[in-house]
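Have a look at the structure below before the remarks.
Residue numbers (the UniProt record's numbering): 1 to 325.
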């Protein structure tokens, strides 16, 4: 038996003994010694106890409750405030201001097979998004009104432009570019600070000459529209985190005013951001004969002792041979 149960048993025995002593009365006039069973006092004579009557006090009935007071004879009248009609000129509840969360994007063809892509996303103020078009991807951001206007080279005659935001939402627009087949395009795209650049050497030009088309001498689409030569565009916002960037060289192959060769190469500058690691990129080439060609590339960049040097990649694109039109 546990200690806890022993405490309960001892307490019950004690209460029983006290109860018996409280309700017993003896008719014997002399002193009476009451001992527990089994206890014998050899020094005193035994006293016979008889005529013990068990008594208990009769329960006293409770005092009768007073009768409840009688209600007054006069009837009680219940008073209720009369309804007051509401005024007709109470102010009406103002309508909550509306807030449009719809996305709207349009794509309008421009000269030199370029497309103006206009995005309106009022819910996406200063938000980063990715523009997708036939494999090309780059990162941009809306302004403080959720607006963005981009000029993008078409990579297909029926160009499809998709905008996707970080929350998985987005929108789509299409454009029919009739002049697409007049131009050849060469795309290099990458993520982060890769330092990649396209260099086009038109009609035998050397680095730094007229006809050397690159980031520092990009020319414009009007030059290509006139058939004089190519131009270069860069796409994406490099100041955004984990931005996707792209560079595109466009040449008017079908409308060129001169015959000759266009030499194409890609350079990757060794920087503190890419030295000693693999650099991943992708190339896309379009022409009227072969269509779209996509190639993934991985470059093992030199150690950081080579910061400022360049890796020259001559075979990513086929050189152009232009016939006079």
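We put the beta carbon where it would ideally sit given N, CA and C, even for glycine. Remember, it's a predicted structure, so these values are computed and weren't measured experimentally.
If the five residues before and after residue 223 are omitted, its C-beta is found closer than 8 Å to the C-beta atoms of 229, 230, 231, all from its own chain and listed in chain order.
The region 239-258 and the region 296-314 do not touch, with fewer than three beta-carbon pairs separated by less than 8 Å. A contact is defined here as three or more CB-CB pairs under 8 Å, and the region 252-261 fails this definition with respect to the region 187-198. Sorting 252, 220, 101, 131 by C-alpha distance to the C-alpha of residue 189 places 131 at the top. In this structure, DSSP gives residue 168 a state outside helix and strand, which the three-state scheme calls coil.
Under the 8 Å Cβ criterion, the region 259-277 counts as touching the region 317-325, having at least three qualifying pairs.
For residue 223, the enclosing alpha helix (DSSP H) has its first and last residue at 221-225. A straight-line Cα-Cα distance of about 23 Å links residue 171 and residue 234. For the options 180, 184, 128, the alpha carbon positioned closest to that of residue 166 is the one of 128.
Between the alpha carbons of residue 216 and residue 155 lies a gap of roughly 24 Å. Our two residues, residue 269 and residue 101, have alpha carbons roughly 42 Å apart in a direct line. Shown here for residue 117: same chain residues with a beta carbon closer than 6 Å to its own, the five before and five after excluded, namely 107, 150, 152, 161 in chain order.
By the criterion of at least three beta-carbon pairs nearer than 8 Å, the region 284-296 is in contact with the region 172-186. Counting other Cβ atoms within 10 Å of its Cβ, residue 236 reaches 16 or more and is therefore classed as buried.
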